[in-house]
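Protein sequences appear in the order of chains A and B.
Residues in the first sequence are numbered consecutively from 216, following my numbering.
Residues in the second sequence are numbered consecutively from 64, following my numbering.
Ideal Cβ positions, reconstructed from N, Cα and C, are used throughout, including at glycine.
It should be emphasised that the depicted structure is a prediction, and the values quoted were computed from it without experimental measurement.
What follows is one structure encoded as structure tokens, with my remarks underneath.
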Amino acid sequence: MPLLSLDDVTLRYASSGTAAVDGLSLAVEPGEVLALLGPSGCGKTTTLRLVAGFERPGSGAVTLEGRALAGSGAFVPPEQRSVGMVFQDYALFPHLSVLENVAFGLTAMPRQEARARASQMLKLFGLEGFESRMPHALSGGQQQRVALARALAPGPRVLLLDEPFSSLDSALRASTRMEVRRVLKSLGATVMLVTHDQQEAMAFADRLAVMRAGKVEQVGTPEAVYAMPRTAFVAYFLGGTNLLPGVGFGNGARTVLGILPVVGAPARGNVLLSLRPEALKLVPDTDGVAVGGALRAEVLAREFQGPSAEYTIACNGMELTVRGAPELPLRAGDRARLEVVGRAVVLEDRPD
Amino acid sequence: MRRRAPVGLWVAGVAVAALALVPAVYLCVRAAEADAGAWGLLLRDRTWGLLGRTLGLAAAVTACAAVLSLPLAWLTARTDLPGRHLWTVLLCVPLAVPTFVSGYVLLAAFGVGGALEEPLTRWGLPVPHVYGFPGALLALTVSTYPYFFLALRAGLQSQDPAWLEGARSLGLTPVRAFFRITVPLLRPAFASGALLVGLYVLSDFGAVALVQYDAFSRAIYVQYEGAYDRSYAALLGLALVSVTVGVLALELWLRGRAGYHRSAKGAARASAPVRLGRWRVPALLLCGAVVAVGVGLPVGVLVYWGVRGLEVESGPLLGPAWSSVSASMLGAVAAVVGALPLAFLAVRYPSRLTVVLERVSYAGYALPPIVLALSLVFLGVQAVPFLYGTLAMLVLAYVVRFLPQAVGVVRASLLQLNPHLPEAAASLGQPPSGVLRRVTAPLLRPGLLAGAALVFLTAMKELPATLLLAPIGFETLATRVWAATAEGRFAEAAAPALVLMAVSTLGVGLLVSQEGRSSPG
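Here is the structure:
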């Protein structure tokens, strides 16, 4: 049984007709880290606020450990939900010290015990010695860890993170992400986070839910969603892709790049295929002699990305993105041969 | 579905707004009792003349106060002006000078028989004409510019330096960045300053009466005092209320719908002060000139008359001083408490209805205080005789009259409060009462104290309502000054006026020190 579930939840902001969250259903398993991923305005933060109790759903139900938080007349206010939240701007209380911030939610405990517990939480996040500092005297990374310690101190059943790493610089982001994940996993915390950063979602979450226009488009492990995107939107948003129209015949499809093997739903009739940039390979066309049946491409642009390079090419009248080794001697204007080394995924979208 | 405000908050907000409406409702009742003859009187040319003179004065004072305050606020908030803190205090001191004292000072200095009239004439210098429009403009500008000054200073201090830095990096010179970034971002401060000053002038009685400028409030007072039938005065009062409603609508339109709390990521930074360099001397001269007119002149004139008045027996001052302080203090606390639900509703649960409620609270401020006072007298006699003639009635008048000031300050500090903070407290298990006690209240405290101090100050120098509603034998500093001035005993008015200025100056000091403590960084 899932720890937290949202069933057919809809939330409409007053007069404006569009729903911020539109018939959304989602389940979070105990001890799992679930990322809500999507572009800005897709309703992911609203979903988080619905779980926290800062918004009231118009219809649908929110259930935590079998207890109805919202829906069918019931509404549990935020303070009675045992749901912790870390805000994007951290929302540390500016008039309280670091220790007082972390001990804030520990009202049920005797004072001494609360302070001890708060100190212990700070230690967990490597913040010993900062107890008496005021929030404005901390760096962004330290503020974030104080906010995490504060939210976790009362032992919430679910922890919600709103764009938790977006305020950190990129050098700090990867290491902080790994460290925070380690601490959360060691505590066995159940976490729901919101992000628009696909790398962050794939690295941090056990499962991710890609959202679009108030709905969940696809849920699964990062590996599964990446390998088998259901729609063009998901394929684009998670890693980028090439979209190819084709005519399917079961486990293969005819396209401008020739006959390609496909995975996913059996391909029948006109289909839309997703072909990841790393499923294509460029070979420099040094001899200028055409190999029988080989695809010929022209390099339009090259973008160096460190461990790899991304090439934009034109082939048989289509513009495609190819990921390749950065040391390939290919520059804009060069000719090359194109090979398909990976498999195409059949999408649910129809080719237009 | 938007979050709904708790029922208790609605009840409190509606109750306060209803209280604020009571005098206006009475005004309408009186106007409805007026016969056709009175309505005919209202549409005469004289009324249009009154309207033109009143609006002209309000516009001129607001413009002068804005133009004067912007450089002063910038110099004290953003530059390395020597003695910034002292200048800030001195520039706020005119808040402590009631407009009737300002008018009195002008007359006692430059008027017929004034202290400076004879020396100026002897030296062959022109004597400033202080009767009518010039006198009213000068007296009211000096009395009201500190409202603008404080609003602009607070606005300047809350601006994120990154905005200005961004403009500079986009190639704007410091001067152009000032006019394209700093000034436009001060729009809410300009709007609230203009609202305060404009409404202040519309309802001022003391200065216009003394310099004999025939504006609405003076005409209404004369009508009330002189005529047996007060319906025409009620109609004039209603006309003035319509003007005020127009001003309020204008302010609402100007303010726009933006939220102004800074999204704090990482530590907030204070901007480095601008170096004045060779502009230091002119800057000091400007501040000095304003302080000379706003503080030096009143003190000089009052000391001059005070010394001359030593020969006159003028009675002990301790009693009136205590009456002023206690009544004003009660009024300040009650006004801030009443402002809380209205500001909360308007900021946290914005809707057309909560905006209307907040606007309604401005009604008492817009009524000429003399009309407000008389309508409460009527109410006291007719509806609540057990309250009539008690201190409670006077405190009620102060609350109705000064609610907008309190709401303005409380709303401003609520807008600065990051809405995530109360949410964070709730998600950490605090019930609404705990959120209020442990997070919202401590963070609002500087703003609430500032609001209370502002109301206290203004109530200290309130005159018409105090004259009409104070219990028998309850003499305040303001009524003492008025009584002496009205009888032409300028020397006797000097001592209580000086005490009034000193007490109020302490309040200004409190206000400024609060402002310093609550600013971030």
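So is B:H192 buried or exposed if we call it buried at 16+ other beta carbons inside 10 Å? By 1-based counting over the second sequence, the position of residue 192 of chain B is 129. The residue is exposed, with fewer than 16 neighbouring Cβ atoms inside 10 Å.
Straight-line Cα distance separating A:A404 from B:V47: This structure cannot speak to residue 47 of chain B, because chain B is shown only from 64 to 584.
Are the beta-carbon atoms belonging to A:A509 and A:R552 less than 7 Å from one another? To locate residue 509 of chain A, count along the first sequence from 1; it is residue 294. To locate residue 552 of chain A, count along the first sequence from 1; it is residue 337. Yes, they are a contact pair.
Does DSSP classify A:N316 as helix, strand or coil? Sequence index remark: in the first sequence, residue 316 of chain A carries index 101 (1-based). Under the three-state reduction of DSSP, A:N316 is assigned to helix.
Entirely within the region 458–532 of chain B and at least 4 residues each: give me those alpha helix (DSSP H) ranges in chain order. Correct list: 483–490, 495–498, 504–523 and 527–532.
Start and end of the beta strand (DSSP E) containing A:E518? As a first step, residue 518 of chain A must be located in the first sequence, where it is residue number 303. That run of the beta strand (DSSP E) goes L510 to F519.
Straight-line gap, A:L453 to A:A331 (C-alpha atoms, nearest Å): What you label residue 453 of chain A is simply residue 238 of the first sequence in a count that begins at 1. What you label residue 331 of chain A is simply residue 116 of the first sequence in a count that begins at 1. Using only the alpha carbons, I get a separation of about 43 Å.
Could you check which residue in B:Y284, B:L273 and B:L262 has the C-alpha nearest to that of B:V304? In the second sequence, the residue the question calls residue 304 of chain B occupies position 241. Taking only the C-alpha atoms, the option nearest B:V304 is B:L262.
Ordered along the chain, which non-local residues of its own chain (more than five positions away) have a Cβ less than 6 Å from that of B:A469? Position 406 of the second sequence, counted from the first residue, corresponds to residue 469 of chain B. Within the same chain, B:A469 has close Cβ partners A398, V399, A402, G514 and V518.
Which residues, in order along the region 295–306 of chain A, keep a beta-carbon less than 7 Å from a beta-carbon of chain B? Only those residues of the region 295–306 of chain A whose C-beta falls short of 7 Å from the nearest C-beta of chain B are listed: V298, G299, M300, F302, D304 and A306.
Does any residue of chain A bring its CB to less than 7 Å from the CB of B:G471? Here residue 471 of chain B refers to the residue found at position 408 of the second sequence. Chain A contact via Cβ: absent.
State the Cα-Cα distance for the pair A:D564 and A:P309, rounded to the nearest angstrom. Start at 1 with the first residue of the first sequence, and residue 564 of chain A comes out as number 349. Start at 1 with the first residue of the first sequence, and residue 309 of chain A comes out as number 94. In this structure, the straight-line span from the alpha carbon of A:D564 to that of A:P309 is close to 49 Å.
CB contact flag (B:M564, B:S387, <7 Å): Start at 1 with the first residue of the second sequence, and residue 564 of chain B comes out as number 501. Start at 1 with the first residue of the second sequence, and residue 387 of chain B comes out as number 324. Result no, Cβ atoms of B:M564 and B:S387 do not sit closer than 7 Å.
Is any beta-carbon of chain A found at less than 7 Å from that of B:Q14? What is shown of chain B runs 64 to 584, which leaves residue 14 of chain B out entirely.
Can B:A178 and B:V440 be called in contact, C-beta distance under 7 Å? Along the second sequence, read from residue 1 onward, the residue named residue 178 of chain B stands at position 115. Along the second sequence, read from residue 1 onward, the residue named residue 440 of chain B stands at position 377. Cβ atoms of B:A178 and B:V440: not closer than 7 Å.
Three-state secondary structure assigned by DSSP to A:L497: Here residue 497 of chain A refers to the residue found at position 282 when the first sequence is read from its first residue. Correct three-state label for A:L497: strand.
Any Cβ of chain A within less than 7 Å of the Cβ of B:A533? In the second sequence, residue 533 of chain B corresponds to position 470, counting from 1. False, the Cβ-Cβ gap to chain A never drops below 7 Å.
For A:R397, return the contacting residues in chain B, with the cut-off set at a CB-CB distance below 9 Å. Residue mapping note: residue 397 of chain A aligns to position 182 of the first sequence, counting from 1. None at all; the shortest Cβ gap to chain B is about 24 Å.
B:Q220: first and last residue of the uninterrupted alpha helix (DSSP H) it sits in: Counting from 1 along the second sequence, the entry for residue 220 of chain B is found at position 157. Counting along the chain, B:Q220 sits inside the alpha helix (DSSP H) bounded by residues F196 to S221.
Does the CB of B:L506 have a neighbour CB from chain A at under 7 Å? For the purposes of this step, residue 506 of chain B is taken as the residue at position 443 of the second sequence. For B:L506, the closest Cβ of chain A is nearer than 7 Å.
Beta-carbon within less than 7 Å of B:A83's beta-carbon, same chain only, minus the 5 sequence neighbours each way: which residues are those? Residue 83 of chain B sits at position 20 when you count from the first residue of the second sequence. Cβ neighbours of B:A83 within its own chain (closer than 7 Å, five residues either side excluded): V423, S424, A426, G427, V463 and L466.
Would you identify the three-state DSSP class for B:I535, choosing helix, strand or coil? Counting from 1 along the second sequence, the entry for residue 535 of chain B is found at position 472. Here B:I535 sits in coil by DSSP.
Are A:V243 and A:V224 touching if we call contact CB-CB under 7 Å? Counted from its first residue, the first sequence places residue 243 of chain A at position 28. Counted from its first residue, the first sequence places residue 224 of chain A at position 9. Contact flag unset, no.
Check distances from the C-beta atoms of the region 496–527 of chain B to those of chain A and list, in chain order, the residues that come in under 7 Å. Answer in chain order: V502, P505 and L506.
Against chain A, which members of the region 107–133 of chain B pass a CB distance test of less than 8 Å? Taking 8 Å as the Cβ-Cβ cut-off, the region 107–133 of chain B has no residue approaching chain A.
Whole-number beta carbon distance between A:G268 and A:V291, since they are thought to touch under 8 Å: Your numbering for residue 291 of chain A matches position 76 in the first sequence. Your numbering for residue 268 of chain A matches position 53 in the first sequence. Contact flag correct, Cβ pair sits at about 6 Å.
Can you give, in chain order, each stretch of the alpha helix (DSSP H) that sits fully within the region 343–415 of chain B and has at least 4 residues? Whole alpha helix (DSSP H) segments, 4+ residues: 343–354, 360–372 and 381–411.
To which residues of the same chain is B:R325 closer than 6 Å at the C-beta, ignoring the five residues directly before and after it? Along the second sequence, one-based indexing puts residue 325 of chain B at 262. Because B:R325 carries a pLDDT of 43, less than 50, the predicted location of this residue cannot be relied on, and the following value inherits that uncertainty. D223, listed in sequence order.
Listing by chain order, which chain B residues have their CB less than 9 Å from the CB of A:R365? Translated into the one-based positions of the first sequence, residue 365 of chain A becomes position 150. Under a criterion of Cβ atoms nearer than 9 Å, the residues of chain B adjacent to A:R365 are, in order, A487 and L491.
Below-7 Å beta-carbon distance, B:L420 vs any chain A residue: As a working mapping, residue 420 of chain B is identified with position 357 in the second sequence. False, the Cβ-Cβ gap to chain A never drops below 7 Å.
Decide yes or no for the touch test of the region 129–143 of chain B against the region 505–512 of chain B: beta carbon pairs closer than 8 Å, at least 3 of them. Result no; under three Cβ-Cβ pairs closer than 8 Å.
Inter-residue Cα distance where the pair is B:F196 and B:P509: Translated into positions along the second sequence, residue 196 of chain B becomes position 133. Translated into positions along the second sequence, residue 509 of chain B becomes position 446. Taken atom to atom, the span from the alpha-carbon of B:F196 to that of B:P509 is near 39 Å.
B:L484 CB to nearest chain A CB: under 7 Å? Taking the second sequence and counting its residues from 1, one reaches residue 484 of chain B at position 421. By this cut-off, B:L484 is an interface position.
Please list the partners that A:H310 has in chain B, where partner means a Cβ-to-Cβ separation under 7 Å. Within the first sequence, numbered from 1, the residue matching residue 310 of chain A stands at position 95. The answer, in chain order, is P505 and L506.
Who are the near neighbours of B:A80 in its chain, counting only those whose CB is closer than 6 Å to its CB and skipping five residues on each side? Locating residue 80 of chain B in the second sequence gives position 17, where the first residue counts as 1. L420, V423 and S424.
Which residues in the same chain as B:G198 place their Cβ atom closer than 6 Å to its Cβ, once the five residues preceding and following it in sequence are excluded? Counting from 1 along the second sequence, the entry for residue 198 of chain B is found at position 135. So the list reads L169 and V274, once near-sequence residues are dropped.
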